[in-house]
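I have placed the structure first, in the form of structure tokens, so that the comments after it can refer back to it.
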């Protein structure tokens, strides 16, 4: 319920597409459904060091948060401001490396409400829901990556 509410609130505040998948690592290995908002933007991430991610690469890389691949970070390490001004709660802050070695940060919340869920059924059920909300991305030099509209045809 909490994750569904967070997803609904985020979806009304920002232009997003909500997708889902199965997270086998959720709830100490019981598994659960991963619902994540993805930016529905035509923009790419461009970093100060010249690296970046296309919108398609970004969408694929951020899935790692819901699949249990994120690493917990301290409140001090987590960005103070996020894309679109979103500020997540401190107990659910994670990071992971993108395919181009940028550090991605997201807020991830899991509700463990089903001890033995029907595995991979995120269509008719919503066991142990996990919700991920992207915050920010930094290049290896510590420069904050920004969203930029790609050139026409690019």
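Residue numbers (mature numbering (1 follows the signal peptide of the UniProt record, and there is no 0)): -19 to -1, 1 to 135. Built from N, CA and C at the ideal position, the CB exists for glycine as well.
Spatial neighbours of residue i in its chain, beta-carbon cut-off 7 Å, leaving aside the 5 residues before and after
i, result
"residue 80", "38 and 42"
"residue 102", "none"
Residues that DSSP places opposite residue i in a beta bridge
i, result
"residue 38", "DSSP, once it has assigned bridges, lists no residue as partnering residue 38."
"residue 54", "The partner list for residue 54 (beta bridge, DSSP) is empty, contrary to what the question assumes."
"residue 16", "1 and 112"
"residue 78", "84"
"residue 129", "25"
6 Å CB neighbourhood of residue i in its chain, flanking five on each side removed
i, result
"residue 91", "7 and 111"
"residue 48", "4"
"residue 130", "24"
"residue 113", "17, 46, 47, 87 and 89"
"residue 63", "116 and 117"
Where residue i sits in the DSSP three-state scheme
i, result
"residue 25", "strand"
"residue 33", "strand"
"residue 68", "coil"
"residue 121", "coil"
"residue 87", "strand"
"residue 59", "coil"
"residue 9", "helix"
"residue 47", "helix"
Contacting residues, own chain, Cβ-Cβ under 8 Å from residue i (five flanking each side not counted)
i, result
"residue 54", "74, 75, 76 and 86"
"residue 50", "77"
Beta carbon of residue i nearer than 9 Å to that of residue j
i, j, result
"residue 116", "residue 9", "no"
"residue 125", "residue 69", "no"
Could you tell me whether the stretch 25 to 36 touches the stretch 114 to 134, using the rule of 3 or more Cβ pairs below 8 Å? yes
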